[in-house]
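Some notes on the structure that comes next.
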Amino acid sequence: QEGTRIPSKRKENSSIVTSELLHKNLLKSEQQNWNDISPIYNPMTKRIKQKLEELHNKCTFNSGSPRMRFGDNVYFEENGCIFLSKADDDEANVDILFSTKDLGFSDAFIQRIRISPDQRYMAVSLKSENSEEATCIIMKLGHFPVVEKVISSVFSFEWATNDVLYYTSQKNLKCQNVFMTTFTYQKRTKLVYTEQDARFFVDIYCTKDRRFLTINSNSKTTSEVWLIDCRNPFELPILVQARTNGVIYHIEHRNDELYILTTYGEPAEYKLMKAPVASSGKENWQLVYTLEEKTKLVDFEMFSDDCIMFLKNAGHLYLNVISFVSHSVQSIKLPTWACEFESESHPEHTTSTCYFQLSSPVHPPKRFAYSFKENNLIEQAVQEVPIITNCHTTRLLAKSKDETLVPITVFHNMNSKELHRKPLLVHVYGAYGIDLNMSFKEEKLMLIEEGWILAYCHVRGGGEQGLSWHKDGCQHNKLKGLHDLKACITLLHKLGFSQPKYTALTAASAGGVLAGALCNTDPELIRAVVLQAPFVDVLNTMMKTHLPLTIEEQEEWGNPLEDEKCMKYIKSYCPYQNIKPQGYPSVFITAYENDQRVPLIGILRYVQKLRKAALHHATRTSKKGNWVPNIILDVQANGSHCDSSWEHSLSE
Numbered sequence: 001q002e003g004t005r006i007p008s009k010r011k012e013n014s015s016i017v018t019s020e021l022l023h024k025n026l027l028k029s030e031q032q033n034w035n036d037i038s039p040i041y042n043p044m045t046k047r048i049k050q051k052l053e054e055l056h057n058k059c060t061f062n063s064g065s066p067r068m069r070f071g072d073n074v075y076f077e078e079n080g081c082i083f084l085s086k087a088d089d090d091e092a093n094v095d096i097l098f099s100t101k102d103l104g105f106s107d108a109f110i111q112r113i114r115i116s117p118d119q120r121y122m123a124v125s126l127k128s129e130n131s132e133e134a135t136c137i138i139m140k141l142g143h144f145p146v147v148e149k150v151i152s153s154v155f156s157f158e159w160a161t162n163d164v165l166y167y168t169s170q171k172n173l174k175c176q177n178v179f180m181t182t183f184t185y186q187k188r189t190k191l192v193y194t195e196q197d198a199r200f201f202v203d204i205y206c207t208k209d210r211r212f213l214t215i216n217s218n219s220k221t222t223s224e225v226w227l228i229d230c231r232n233p234f235e236l237p238i239l240v241q242a243r244t245n246g247v248i249y250h251i252e253h254r255n256d257e258l259y260i261l262t263t264y265g266e267p268a269e270y271k272l273m274k275a276p277v278a279s280s281g282k283e284n285w286q287l288v289y290t291l292e293e294k295t296k297l298v299d300f301e302m303f304s305d306d307c308i309m310f311l312k313n314a315g316h317l318y319l320n321v322i323s324f325v326s327h328s329v330q331s332i333k334l335p336t337w338a339c340e341f342e343s344e345s346h347p348e349h350t351t352s353t354c355y356f357q358l359s360s361p362v363h364p365p366k367r368f369a370y371s372f373k374e375n376n377l378i379e380q381a382v383q384e385v386p387i388i389t390n391c392h393t394t395r396l397l398a399k400s401k402d403e404t405l406v407p408i409t410v411f412h413n414m415n416s417k418e419l420h421r422k423p424l425l426v427h428v429y430g431a432y433g434i435d436l437n438m439s440f441k442e443e444k445l446m447l448i449e450e451g452w453i454l455a456y457c458h459v460r461g462g463g464e465q466g467l468s469w470h471k472d473g474c475q476h477n478k479l480k481g482l483h484d485l486k487a488c489i490t491l492l493h494k495l496g497f498s499q500p501k502y503t504a505l506t507a508a509s510a511g512g513v514l515a516g517a518l519c520n521t522d523p524e525l526i527r528a529v530v531l532q533a534p535f536v537d538v539l540n541t542m543m544k545t546h547l548p549l550t551i552e553e554q555e556e557w558g559n560p561l562e563d564e565k566c567m568k569y570i571k572s573y574c575p576y577q578n579i580k581p582q583g584y585p586s587v588f589i590t591a592y593e594n595d596q597r598v599p600l601i602g603i604l605r606y607v608q609k610l611r612k613a614a615l616h617h618a619t620r621t622s623k624k625g626n627w628v629p630n631i632i633l634d635v636q637a638n639g640s641h642c643d644s645s646w647e648h649s650l651s652e
């Protein structure tokens with residue numbers, strides 16, 4: 001109305017300009033600092049690079065990438081190319097179907113491959129290091145494969161039929177729309193489903209028998225599934241069970257029955273249940289199998305007469321084979337060194353063999369097969385150069401502050417004498433119910449060969465001991481993960497694995513919360529810390545609802561904007577909030593300029609505050625033997641959040 005006063009916007013804008021300027025100046029000074037410091041490390045970098053390249057060549061020669069089997073055809077990917085060979089053929093005799101370089105995507109890596117049921121089309125997603133979003137390329141296969149369609153910003157995709165593809169689109173780290181696109185004579189693309197709740201993320205999966213596509217809408221604690229009948233791919237999706245707060249479920253299908261992996265019922269761990277397709281509500285779910293306590297379900301594969309559960313208990317991996325015919329459950333032990341599974345794609349659910357790869361941080365992937373007929377495990381032979389013969393794997397349990405036993409996996413060279421004098425690298429994560437990454441890395445093998453001890457602390461907040469292990473370390477239980485980490489490092493030193501002055505701690509992303517918190521509470525336990533894209537400014541980040549992940553992350557960290565108790569609790573452990581003048585370990589941080597998940601400004605402010613506190617302490621207490629820690633930040637212009645190709649991780 002006339003005469004109404006308009007509130008001034010100028011003040012608000014000037015504060016935004018000031019913070020942007022501050023960000024730019026901080027970044028500039030850190031880049032300058034890095035340019036001054038990094039040449040000191042050149043000779044060491046050169047030696048390490050050479051060693052890693054040697055190990056990489058040796059390891060990739062021995063372990064092929066996972067295979068996709070379709071009848072007599074085998075598809076596999078290597079170095080940005082997709083190959084086709086015959087199952088019985090020598091792999092020297094292969095056709096190249098696809099090459100990232102030929103299509104002008106030389107800086108991208110292949111993320112996902114889906115072949116249409118009649119093998120006439122192949123959909124491939126490519127992701128570059130500078131983007132969270134992938135591009136999907138659909139190729140028409142034949143003597144001369146041709147590009148049929150390119151779809152940008154795609155997350156997941158599956159073939160419903162020979163020429164109908166469903167896919168989800170990704171924007172600002174969110175997936176909320178499902179589309180259908182056809183490759184029939186009448187080409188069209190249509191929106192099929194939209195998720196309205198910002199906490200939920202949508203992806204697509206195809207049941208093993210290719211009967212249904214499932215549209216899975218998941219938050220951190222709750223899920224809902226819609227079915228697309230592959231025999232009628234143009235019909236509307238059908239709801240399996242409306243979302244129920246705290247209930248997660250995933251769907252497979254066999255003989256007109258849905259097999260449901262779910263947390264429904266007590267205890268709130270995964271169980272296998274089943275229900276008729278026609279009446280799929282949870283009131284009709286019947287129990288088939290319950291997981292043992294403290295067991296993590298890593299993967300699940302459905303076959304025509306059996307299903308296989310890939311399980312983890314106290315760090316040990318094993319298989320449970322459930323027969324739908326004899327109703328028996330059989331447990332298959334796996335090699336004690338194995339820490340990670342990767343199952344190979346079996347588009348045919350009638351197969352009598354399940355193929356998968358096993359690895360550990362220091363063991364390159366090795367292929368295994370489980371035969372249902374023979375009921376045995378077969379190691380797939382390859383012409384092998386023994387990579388590592390003298391690495392010892394030890395599993396320990398540390399008693400935390402509340403008496404909970406926390407698993408630790410330790411690797412060291414068998415020939416090492418005087419382990420208390422050897423350097424130790426401790427790994428931690430402890431968030432989102434995700435296990436600590438224990439897949440093979442050349443640099444871990446190099447450290448073992450150079451006499452290092454590697455320790456992986458499976459603290460609460462991670463998923464190593466099932467869903468309750470995560471629940472026990474998130475929101476108002478976050479400090480339990482910190483107590484677990486302290487207990488693990490203390491036990492390692494007590495048992496003679498290194499000592500504080502030779503101990504380094506490493507973490508990535510959300511693992512930075514516990515690593516950063518330990519630096520504030522118990523800096524005397526460690527000498528150095530290495531962090532990659534660390535989340536160190538929890539409170540300020542969780543107060544900013546305009547950031548893409550804040551709303552959905554509230555189920556992990558809580559909502560400090562609406563809950564004062566939660567705000568105080570986050571403040572009590574947040575690495576940035578608790579920096580104080582004291583002796584700190586040396587810190588090396590790698591961050592990414594365009595990281596959408598962890599805002600760079602939080603890392604810049606953290607580094608600045610940490611340096612100030614360390615310097616203040618050193619000048620205040622100038623007693624003999626006092627030292628100023630080395631605090632270095634390397635901001636990479638390229639690369640995205642902790643996800644990189646071999647070449648990029650090598651240079652890093």
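Oh and the sequence shown: position 75 is 75 in the UniProt record's numbering, straight run, nothing missing.
Each residue gets a CB set at the ideal place from its N, CA and C atoms; glycine is no exception.
Computed from a predicted structure; not experimentally measured.
Rounded to a whole number of angstroms, what is the C-alpha to C-alpha distance between glycine 3 and phenylalanine 535?
With a pLDDT of 43 at glycine 3, under the threshold of 50, the predicted position of this residue should be treated as unreliable, though the coordinate-derived value follows. Taking the Cα positions, glycine 3 is about 48 Å away from phenylalanine 535.
Rounded C-beta distance between aspartate 203 and serine 156? I'm assuming under 8 Å.
4 Å
Beta strand (DSSP E) containing alanine 508: first to last residue?
503-508
Measure the C-alpha to C-alpha separation of histidine 470 and alanine 431 and round it to an integer number of angstroms.
7 Å
Roughly how many angstroms separate the alpha carbons of glycine 315 and lysine 24, rounded to a whole number?
44 Å
Taking DSSP as the reference, what is the three-state secondary structure of threonine 404?
Three-state DSSP puts threonine 404 in coil, outside helix and strand.
Taking Cβ to Cβ, would you say cysteine 519 is nearer than 8 Å to valine 530?
Judged by their CB atoms, cysteine 519 and valine 530 are not nearer to each other than the 8 Å cut-off.
Buried or exposed: which applies to valine 150, given that a residue is buried once 16 or more other Cβ atoms fall within 10 Å of its Cβ?
Per the 10 Å Cβ criterion, exposed.
Based on DSSP bridge pairs, tell me the residues matched to asparagine 245.
Answer is none; asparagine 245 lacks a bridge partner.
Mapping the DSSP letters down to three states, classify leucine 633 as helix, strand or coil.
The answer is strand: DSSP assigns leucine 633 an E or B state.
Is the distance from the Cβ of lysine 373 to the Cβ of serine 352 below 8 Å?
yes
Do the CB positions of glutamine 596 and proline 548 come within less than 8 Å of each other?
yes
Does glutamate 266 pass the burial test, meaning 16 or more other C-beta atoms within 10 Å, or should it be called exposed?
exposed
DSSP state of cysteine 391, grouped into three classes?
strand
For glutamate 464 and lysine 296, what's the separation of their Cα atoms in angstroms?
C-alpha separation (whole angstroms): 6 Å.
Please list the terminal residues of the continuous alpha helix (DSSP H) segment that includes lysine 612.
Looking at the DSSP string, the run of the alpha helix (DSSP H) that includes lysine 612 is 600-620.
Any contact of the stretch 175-183 with the stretch 157-166, i.e. 3+ C-beta pairs under 8 Å?
Counting Cβ pairs under 8 Å, three or more are found: they touch.
Can you tell which of Asn216, Phe200, Arg199 has the C-alpha that lies nearest to the C-alpha of threonine 207?
Asn216
Local conformation of proline 276 per DSSP, three classes
strand
Lysine 486 versus leucine 258: straight-line alpha-carbon distance, rounded
44 Å
Enclosing beta strand (DSSP E) for histidine 316 [first to last residue]
Counting along the chain, the beta strand (DSSP E) containing histidine 316 begins and ends at 316-323.
So, for glutamine 383: in the same chain, excluding its five sequence neighbours on each side, which residues have a beta-carbon less than 6 Å away from its beta-carbon?
Residue confidence for glutamine 383 is low, a pLDDT of 47 falling below 50, so the modelled location carries little weight and cannot support an answer.
I believe tyrosine 502 touches leucine 419 by the beta-carbon criterion, under 8 Å. Please report the beta-carbon distance rounded to the nearest angstrom.
About 10 Å; that fails the 8 Å criterion.
Taking its Cβ as the centre, do 16 or more other Cβ atoms sit within 10 Å of threonine 409, making it buried, or is it exposed?
buried
Alpha carbon to alpha carbon, how far is aspartate 95 from tyrosine 429?
41 Å
Between the CA atoms of cysteine 307 and serine 572 - distance to the nearest angstrom
45 Å
Using CA atoms only, rank isn't needed, just tell me which of Arg460, Thr184, Met302 is closest to aspartate 209.
Met302
By DSSP, does tryptophan 557 sit in helix, in strand, or in coil?
Residue state, collapsed to three classes: helix.
What do you get for serine 371, buried or exposed, if any count of 16 or more other CB atoms within 10 angstroms of its CB means buried?
Looking at its Cβ environment, which holds fewer than 16 other Cβ atoms inside 10 Å, serine 371 is exposed.
Where leucine 103 and isoleucine 137 are concerned, what is the direct C-alpha to C-alpha distance, given to the nearest angstrom?
10 Å
According to DSSP, which residues form a beta bridge with asparagine 182?
Inspection of the sequence shows that residue 182 is occupied by threonine rather than by asparagine. BP columns for threonine 182 point to Val164.
How far does the beta strand (DSSP E) with isoleucine 453 in it extend, from its first residue to its last?
453-457
Tell me whether proline 335 sits in a helix, a strand or coil according to DSSP, three-state version.
Proline 335 sits in coil when the DSSP states are folded into three classes, being neither helix nor strand.
Between the alpha carbons of glutamate 252 and asparagine 284, how many angstroms are there, rounded?
So the alpha carbons of these two residues sit roughly 16 Å apart.
Thinking C-alpha only, which one of Val607, His546, Ser586, Arg112 is nearest cysteine 81?
Arg112
Our contact map puts glutamate 552 next to serine 219 with C-beta atoms below 8 Å; I'd like the distance itself, whole angstroms only.
6 Å
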